[in-house]
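*Asks:*
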Amino acid sequence: MSAYAERRVPVALGGRAYEVLIGAGLIDRAGELLSAHLPRRRTAIVTDRHVADHHGERLAAALEAGGVAVDMVVLPPGEQTKSFAGLEDLTDRLLALKLDRGDRIIAFGGGVVGDLAGFAAAVYKRGIDFIQVPTTLLAQVDSSVGGKTAIDTAAGKNLVGAFHQPALVLADLDVLATLPDREMRAGYAEVLKYGLLGDEAFFAWLEANGEAVLAREPTPLAYAVARCVEMKAAIVAEDERETGRRALLNLGHTFAHALESETGFGDALLHGEAVAAGCALAFRFSAELGFCSPEAASRAEATIAKAALPTRLHALAGAPFGAARLAGHMAQDKKADASGLVFVLARDVGEAFVAKGVDRDALLRFLVAEGATIDLTT
């Protein structure tokens, strides 16, 4: 890829503040860029087999050239790794390396690796610092920033985890050149989410430039990643533990996590694909409830569909879905509280809000109208 202008986005969290570095060739400069964050000159790189095959030797060589001793822990790829069994395996392997609390972990991969390695760092010897080096568009614009770490359980996605901020995020845009197109589109769903939830001007820019972002054209891609990180950094600095505005970042995710639970957290439905469908559903549900206009919902759906992302339940692997089963998963959502079902809904493109106490019957009627089956005995 062509060179990108390097950008540094601060995440202002007082004593836990850090920077997100965005640019080209950052992995090859890892020894230099990470030196201040590796005081013991030792690290364990946690990655998956795909990333290790493409980029593992580059990162290890760059760190070793900077005088850092490296151990590589390679995990199986896929969402199934982000589990209690995966956490046990990873922590056992880290303990076998005899890492101490002065050492550092590097999470080198997509959202699965970042979530799992970050959670392991949060609990390993009661807490060890870690660095995020995200290798997917989804991880670069979203999951690597903000300190959310978690694993999936039988009850739902990301229900066991911890807030554990990284010491640094290194987003090398060059690694996206090897990202499969399907993964690129899945990450782009999160890019669209940022415009939909809080920046209509950015969404309008994506309507005009989305194809260039997906084609990995350097200037549009760099701008899209940086804008998403800026938005997330500002929200996290205001609401680190999701007691208020940070919940808006879950636009589409209540639907998405329910769909992922029903499809088994596998490759049949990638997280970003579920988010794309979830955002379209959230806008149509908002229109059904009278919060936003049908035109706003149609605009959101059209732009998601233009990126070859799903917007309808019947288009997803695993369809048809049972309405009551989906609603049951949503009742387990982390945002749910004593008021009942909680959704991030929209008043317009760029204007999301948290809706509490959403009526379950209204949700069931909406899901059935969307193509879910009637399974009220579930």
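Following our numbering, the numbering of the sequence shown begins with 1333 at its first residue and continues without gaps. Cβ coordinates follow ideal geometry from the N, Cα and C atoms, glycine included. All values reported here derive from a predicted model rather than from experimental measurement.
Using a Cβ-Cβ cutoff of less than 6 Å, which residues in the same chain neighbour T1374 once the five nearest sequence positions on both sides are dropped?
*Replies:* Residue mapping note: residue 1374 aligns to position 42 of the sequence shown, counting from 1. For the sequence presented, residue 1374 should be read as Arg rather than Thr. For R1374, where only same-chain residues beyond five positions count, the Cβ hits under 6 Å are A1401, D1435.
*Asks:* So what does DSSP say about E1294, is it helix, strand or coil?
*Replies:* Examination of residue 1294 is not possible in this model, given that the chain is present from 1333 through 1710 alone.
*Asks:* In the stretch 1437 to 1524, which residue ranges form an unbroken beta strand (DSSP E) of at least 3 residues, counting only runs that do not cross its ends?
*Replies:* 1462 to 1466, 1480 to 1485, 1488 to 1495, 1501 to 1504
*Asks:* When DSSP labels each residue in this structure, what does T1586 get in the three-state scheme?
*Replies:* As a working note, residue 1586 is residue 254 in the sequence shown. The answer is helix: DSSP assigns T1586 an H, G or I state.
*Asks:* Give the secondary structure of L1645 by DSSP, where H, G and I count as helix, E and B as strand, and everything else as coil.
*Replies:* Taking the sequence shown and counting its residues from 1, the one referred to as residue 1645 is at position 313. If DSSP states are grouped into helix, strand and coil, L1645 belongs with the helices.
*Asks:* Here's a check: name, in chain order, each residue in its chain whose Cβ is nearer than 7 Å to the Cβ of A1487, leaving out the five neighbours to either side.
*Replies:* The residue labelled residue 1487 in the question sits at position 155 within the sequence shown. Q1664, listed in sequence order.
*Asks:* What ranges does the alpha helix (DSSP H) occupy inside the stretch 1396 to 1439, keeping only unbroken runs of at least 4 residues that lie completely in it?
*Replies:* 1416 to 1428
*Asks:* Compute the beta-carbon to beta-carbon distance between F1534 and G1542, rounded to the nearest angstrom, for a pair I have assumed lies under 8 Å.
*Replies:* Within the sequence shown, the letter at position 202 stands for residue 1534. Within the sequence shown, the letter at position 210 stands for residue 1542. 11 Å between Cβ atoms; not a contact.
*Asks:* Quick one: Cα of V1545 to Cα of R1361, how far?
*Replies:* Reading the sequence shown from its first residue, position 213 is the one you call residue 1545. Reading the sequence shown from its first residue, position 29 is the one you call residue 1361. The straight-line gap from Cα to Cα measures roughly 25 Å.
*Asks:* To the nearest angstrom, how far is it from the Cα of A1482 to the Cα of L1422?
*Replies:* Mapped onto the sequence shown, residue 1482 falls at position 150. Mapped onto the sequence shown, residue 1422 falls at position 90. In a straight line, the C-alpha of A1482 is about 13 Å away from that of L1422.
*Asks:* Using the Cα positions of T1595 and D1669, report the straight-line distance between them to the nearest angstrom.
*Replies:* One-based indexing of the sequence shown puts residue 1595 at position 263. One-based indexing of the sequence shown puts residue 1669 at position 337. Spanning the two alpha carbons is a distance of roughly 25 Å.
*Asks:* Please name the residue or residues paired with I1377 in a DSSP beta bridge.
*Replies:* Counting from 1 along the sequence shown, the entry for residue 1377 is found at position 45. In DSSP, I1377 forms a bridge with M1404, I1438.
*Asks:* Which one of Y1456, A1439, T1586, A1417 has the shortest CA to CA distance from D1432?
*Replies:* Taking the first residue of the sequence shown as 1, we reach residue 1432 at position 100. It is Y1456 whose Cα lies nearest to the Cα of D1432.
*Asks:* What residue range does the alpha helix (DSSP H) around F1615 cover?
*Replies:* Against the sequence shown, residue 1615 aligns to sequence position 283. 1603 to 1620 is the span of the alpha helix (DSSP H), which, as asked, contains F1615.
*Asks:* Would you say the beta carbon of A1547 is closer than 7 Å to some non-hydrogen atom of the ligand MG?
*Replies:* Of the ligands one can find in the structure shown there are none, so the ligand MG has no counterpart to examine.
*Asks:* Can you give me the C-alpha to C-alpha distance between E1396 and E1364, rounded to a whole angstrom?
*Replies:* Mapped onto the sequence shown, residue 1396 falls at position 64. Mapped onto the sequence shown, residue 1364 falls at position 32. Cα-Cα distance, rounded: 11 Å.
*Asks:* So what does D1680 bridge to, in DSSP terms?
*Replies:* The residue you call residue 1680 lines up with position 348 of the sequence shown. E1683, per the DSSP bridge assignment.
*Asks:* What is the residue span of the alpha helix (DSSP H) that Y1354 lies within?
*Replies:* Within the sequence shown, residue 1354 is the residue found at index 22, counting from 1. Correcting the residue identity first, residue 1354 is Ile in this sequence and not Tyr. That residue, I1354, is in no alpha helix (DSSP H); its beta strand (DSSP E) goes 1350 to 1355.
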